[in-house]
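Asker:
There are 2 protein chains.
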Amino acid sequence: MTTLGPTRLLGEFLAASRWDDIPGPVRHEGARCLVNFVGCALGGCHDEAIEIAFRVLSPCFGPPQAGVIGRRERPDMLNAAFLNGASANVLEYDDTHLGSVMHPGAPIAPGLFALAERRPVDGAQLLHAVILGVEIGCRIGIAMMPTHYRRGAHITATCGIFGAAAGAGKLLGLDAPGMARALGHAATQSAGLVENLGSMSKSIGVGNAARNGLAAALFAEEGFTAPEQAIEGRYGFAAVATDAPDFAAMTDRLGDRWEMLQNAYKPYPCGVVLFPVIDGVLELRERYPDAAARIDEVVVRGHQLLLERTDRPQITSGRDAKVSLQHAVAAAFVHGAAGIAQFSDASVAEPAIGALSAKVKPEADAGIPVETAIVRLRLSDGTESAAHVRNARGTMNRPMTDDELDAKFRDLAAYGAPALDAEALLSAIRGLEHEADAGRVVRLTAPT
Amino acid sequence: MTTLGPTRLLGEFLAASRWDDIPGPVRHEGARCLVNFVGCALGGCHDEAIEIAFRVLSPCFGPPQAGVIGRRERPDMLNAAFLNGASANVLEYDDTHLGSVMHPGAPIAPGLFALAERRPVDGAQLLHAVILGVEIGCRIGIAMMPTHYRRGAHITATCGIFGAAAGAGKLLGLDAPGMARALGHAATQSAGLVENLGSMSKSIGVGNAARNGLAAALFAEEGFTAPEQAIEGRYGFAAVATDAPDFAAMTDRLGDRWEMLQNAYKPYPCGVVLFPVIDGVLELRERYPDAAARIDEVVVRGHQLLLERTDRPQITSGRDAKVSLQHAVAAAFVHGAAGIAQFSDASVAEPAIGALSAKVKPEADAGIPVETAIVRLRLSDGTESAAHVRNARGTMNRPMTDDELDAKFRDLAAYGAPALDAEALLSAIRGLEHEADAGRVVRLTAPT
Chain A
37 MTTLGPTRLL
47 GEFLAASRWD
57 DIPGPVRHEG
67 ARCLVNFVGC
77 ALGGCHDEAI
87 EIAFRVLSPC
97 FGPPQAGVIG
107 RRERPDMLNA
117 AFLNGASANV
127 LEYDDTHLGS
137 VMHPGAPIAP
147 GLFALAERRP
157 VDGAQLLHAV
167 ILGVEIGCRI
177 GIAMMPTHYR
187 RGAHITATCG
197 IFGAAAGAGK
207 LLGLDAPGMA
217 RALGHAATQS
227 AGLVENLGSM
237 SKSIGVGNAA
247 RNGLAAALFA
257 EEGFTAPEQA
267 IEGRYGFAAV
277 ATDAPDFAAM
287 TDRLGDRWEM
297 LQNAYKPYPC
307 GVVLFPVIDG
317 VLELRERYPD
327 AAARIDEVVV
337 RGHQLLLERT
347 DRPQITSGRD
357 AKVSLQHAVA
367 AAFVHGAAGI
377 AQFSDASVAE
387 PAIGALSAKV
397 KPEADAGIPV
407 ETAIVRLRLS
417 DGTESAAHVR
427 NARGTMNRPM
437 TDDELDAKFR
447 DLAAYGAPAL
457 DAEALLSAIR
467 GLEHEADAGR
477 VVRLTAPT
Chain B
37 MTTLGPTRLL
47 GEFLAASRWD
57 DIPGPVRHEG
67 ARCLVNFVGC
77 ALGGCHDEAI
87 EIAFRVLSPC
97 FGPPQAGVIG
107 RRERPDMLNA
117 AFLNGASANV
127 LEYDDTHLGS
137 VMHPGAPIAP
147 GLFALAERRP
157 VDGAQLLHAV
167 ILGVEIGCRI
177 GIAMMPTHYR
187 RGAHITATCG
197 IFGAAAGAGK
207 LLGLDAPGMA
217 RALGHAATQS
227 AGLVENLGSM
237 SKSIGVGNAA
247 RNGLAAALFA
257 EEGFTAPEQA
267 IEGRYGFAAV
277 ATDAPDFAAM
287 TDRLGDRWEM
297 LQNAYKPYPC
307 GVVLFPVIDG
317 VLELRERYPD
327 AAARIDEVVV
337 RGHQLLLERT
347 DRPQITSGRD
357 AKVSLQHAVA
367 AAFVHGAAGI
377 AQFSDASVAE
387 PAIGALSAKV
397 KPEADAGIPV
407 ETAIVRLRLS
417 DGTESAAHVR
427 NARGTMNRPM
437 TDDELDAKFR
447 DLAAYGAPAL
457 DAEALLSAIR
467 GLEHEADAGR
477 VVRLTAPT
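Protein chains in written order, with my numbering: chain A, 37 to 484; chain B, 37 to 484.
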């Protein structure tokens, strides 16, 4: 009896997987992942970094093969994958796989959207490929942690590329050796640094993961040879990526445990430590919807980390707003929302938000866990009210509901692609599983 | 006084460097590097791996912007860079930088050739960019060794990309912060595994280094932002690439010590341990030019490593021939040469070579260093003759002469691109420094 290594085991699993094997809750979460992915890409598609990427890459665009979500341009499918990957991640409003802290949607979905425009598949096939891509990318990510991320590898890019290759390989109908080749070609292209987060350069890593993962599958399809043990070999991916690979976590209970079920969605486009704070502010806003001008003080008690990361009373840009406790509290109360508009340059310049920001007082409390916050309000008439948030929205204990996710999608679409029919697109993604032509759904991502 | 980190120091050096700063011997070696690069690309341009890469990528080709050396196709410049990088490395006949064991030509030169067709530069500018690219790629390589390669990073790809970005940045005229951005965008794209050597997948890593290094410079030119300390930062390239970066080696004596002078060229397209053996065989062949059919025995005495790597009496393919002592000895003696033709499938099938192979007897000798070999011949009339090679051709102690390098170029051109005017191209590269239009030289790499 021959024991197959992880590279080949993953290849066998990918080739053998059938749509009927995918449990209902996993299918549902796959559609939610795509709602979030497309929403983020719509929101990001005119970001400054994406506009520059267009200027750089458009002279090299090939034939118009695939759409860029939210835009009219149609590059070749490799460039489309790059741009959609970059665009879906640029606002930092991603999905997050909790076991690997990886954002799987942005690197994995774009190549599948591009392929779906080139080769007819039905909606279930596209959804199946997304689910398998997330499965492989996240499992490889888990197996490389914690050394991989701690050194500085940006796991969304470095492991997302495996998911992109796996998903594209599934749409191309690769057999098990073909899948192993696709993973091998992904392994040798795995790249991306945590150091580059916080600059536009982050988008190159994520865009490349999407582009090069698709290319890996296309090379595999044509019989381009690859090593047998690209992941586990002596000089393979794991040897380079980590001190202690956990191959058992990579291949354990394949087809039984589903990583898609560990995927969460950011409820607010800002630092994750601010989530319980904003939940509390929005709760108080419901109690006192017109009170913004009558607030004397907002005291926020939270974990020490909350203060370290976000105690920033003076800010000047939307980028800084994403990590400012004072701004987040004020903007959420004044607008009764905490979406893209509340973390823009314009909202930073709003007098009412600035005035309320100055009344926000953060306090560290050693007894409060990091996922928790207490927000206490005092109005000028002496009224006091407090909200104690134990589980922030968007965590596993309080996942985003379908309605909340749909609202996030609408917010992002209105921000980045107001000319698009967002409702038609949203219901098409929600109904993807029953769609005969996945390409039709993908084409709805372009403004008419 | 602010101390600049390595990323910015390299950027300052690149921006400040002037052609007049480059010593004559470095310029001459730069031209030799290009002779070898173009020759290897001509030889490899119709290799099976390259043909498949064309099938995969050509549906995505953009406008005809840049040539693929030795071929008529003209893809966009990014795809051209990928294909030329892959092609120049596919035969394993590269240049080798001795301090880093990196092959700098294949990843670094292709982007510069592509740019030279898009934006007019003179020959000295192109040569200057090549020299600076090799300088940066090799210095970063040295600084990452030995952990980097030992783990499994394929340094030609992982560090070659920095050279590609640096050289392209120079042709684009980037200032120091722009150069640092280009290095930052290269850092986050650095990828390539030793595990993938020996399969076609190797070519993806090298091709990407060429392509993505060029893209890094183009993104930097448009102001795409990057981290300040992409190489030395806490989560930067060095943290991911090695346990113990040697930043002093990276920046020491910039502009004074030149890595280009440590670049060597393979004299034969086979395993490096075979070089002294082939030198000895060719020496004996000169003494007895017609003796092949009258040989009773050839005894080769060498280092234990020679036997471990190359004692392969029975082979069936040109690929295996590259690591077969018996084949190398027989083919070199029968043909009086050891070029591409002598390591082909056809030469393996040649009866005279097969017959002589069977008479080759390898012997390990603990007293013989690895760069040395003794080849002893006995003819059927009892004549005996020996050649003792102390320094193999293509090492630093016996570098390839200009004439030898030109002969290698002609051999490769005749093999891979017989329709090309190889002499015109060779003299244009040799005279590149005095050429007013570098694009003219690059266009000579296409068959007429």
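Note that beta-carbon positions come from the ideal geometry of N, C-alpha and C, so glycine has one too.
#1: To the nearest whole angstrom, what separates the beta carbons of B/T437 and B/A300, a pair I think is in contact under 8 Å?
#2: Tell whether a beta-carbon distance below 8 Å holds between B/A202 and B/A266.
#3: Using a Cβ cut-off of 9 Å, pull out every chain B residue sitting near A/V92, in sequence order please.
#4: Excluding the 5 residues flanking B/T194 on each side, which residues of the same chain have their C-beta closer than 6 Å to its C-beta?
#5: Return the CA-CA distance between A/G41 and A/E268, expressed in angstroms with no decimal places.
#6: If you draw a straight line from the alpha carbon of B/L207 to that of B/G147, how long is it in whole angstroms?
#7: Taking a Cβ distance cut-off of 9 Å, strictly less, list which residues of the segment 106 to 118 of chain B are near chain A, in chain order.
#8: Is B/T192 closer than 8 Å to B/T278 when the C-beta atoms are compared?
#9: Along chain A, which residues have their Cβ under 7 Å away from the Cβ of B/H221?
#10: When DSSP labels each residue in this structure, what does A/E399 get in the three-state scheme?
#11: Contact criterion: CB-CB distance below 8 Å. Does B/A428 meet it with respect to chain A?
#12: What are the boundary residues of the alpha helix (DSSP H) that A/N19 is part of?
#13: Where does B/M37 land, buried or exposed, given buried means 16+ other C-beta within 10 angstroms?
#14: By how many angstroms is the C-alpha of A/M181 removed from the C-alpha of A/I172?
#15: Rank A/P312, A/A200 and A/L134 by C-alpha distance to the C-alpha of A/A165 and give the top, closest one.
#16: Does the CB of B/V230 have a neighbour CB from chain A at under 8 Å?
#17: In chain order, what residues of the same chain have a beta carbon less than 6 Å from the beta carbon of A/R429, not counting five sequence neighbours either side?
#18: So that I know if they touch, is there some Cβ in chain B lying closer than 8 Å to that of A/S226?
#19: Mapping DSSP to helix, strand and coil, what is B/A189?
#20: Taking the runs of the alpha helix (DSSP H) that are 4 residues or longer, which of them lie wholly in the segment 79 to 128 of chain A?
#21: Starting from A/Y271, find everything on chain B with Cβ-Cβ shorter than 7 Å and list it in chain order.
#22: Consider the Cβ of B/Q298: report whether some Cβ of chain A lies at a distance smaller than 8 Å.
#23: Between the alpha carbons of B/H221 and A/R321, how many angstroms are there, rounded?
#24: For A/M180, which three-state DSSP category applies?
#25: Cutting at 7 Å between CB atoms, please list the residues of its own chain near A/C81, excluding the five before and the five after it.
#26: Classify A/G259 as buried or exposed, calling it buried when 16 or more other Cβ atoms lie within 10 Å of its own Cβ.
#27: Using only CA atoms, which one of A/F311, A/D347 and A/E264 lies nearest to A/T39?
#28: Should B/S11 go down as buried or exposed, given a rule of 16 or more other Cβ atoms within 10 Å for buried?
#29: Kindly list, in the order they appear in chain A, the residues whose Cβ is closer than 7 Å to that of B/V276.
#30: Give a yes or no on whether the minimum CB-CB distance between B/P305 and chain A is below 8 Å.
#31: Jot down the residue ranges of each uninterrupted beta strand (DSSP E) in the segment 340 to 396 of chain A, minimum 3 residues, whole runs only, in chain order.
#32: Residues in the same chain with beta-carbon distance under 6 Å from B/D412, minus the five sequence neighbours each way, listed in chain order, please.
#33: Looking only at its chain, what residues have a beta carbon closer than 6 Å to the beta carbon of B/D528, apart from the 5 residues adjacent to it on each side?
#34: Considering Cα atoms alone, identify which of A/R154, A/V230 and A/T132 is closest to A/I144.
#35: Which residues does DSSP pair with A/L413 in a beta bridge?
Answerer: The short version:
#1: About 12 Å separates the two Cβ atoms, so there is no contact after all.
#2: no
#3: A251, L254, F255, E257, E258 and F260
#4: S226 and G228
#5: 7 Å
#6: 10 Å
#7: P111, D112, M113, L114 and N115
#8: no
#9: S237 and I240
#10: strand
#11: no
#12: Nothing about residue 19 of chain A can be read from this structure; chain A reaches only from 37 to 484.
#13: Caution is warranted here: a pLDDT of 46 is assigned to B/M37, below 50, making its placement in the model unreliable, and the coordinate value is therefore given only provisionally. Looking at its Cβ environment, which holds fewer than 16 other Cβ atoms inside 10 Å, B/M37 is exposed.
#14: 14 Å
#15: A/A200
#16: yes
#17: P303 and D315
#18: yes
#19: strand
#20: 84 to 93 and 113 to 125
#21: G188, L229, V230 and E231
#22: no
#23: 44 Å
#24: helix
#25: V104, I105, G106, R107, S123, G452 and A453
#26: exposed
#27: A/E264
#28: Within the shown structure, residues of chain B are numbered from 37 to 484, placing residue 11 of chain B beyond reach of any answer.
#29: R187, G188, A189 and L229
#30: no
#31: none
#32: Checking the sequence, you will find Arg at residue 412 of chain B rather than Asp. Here the set comprises V335 and A422.
#33: In the structure as shown, chain B starts at 37 and stops at 484, and residue 528 of chain B therefore has no counterpart that could be examined.
#34: A/T132
#35: A/V334 and A/S421
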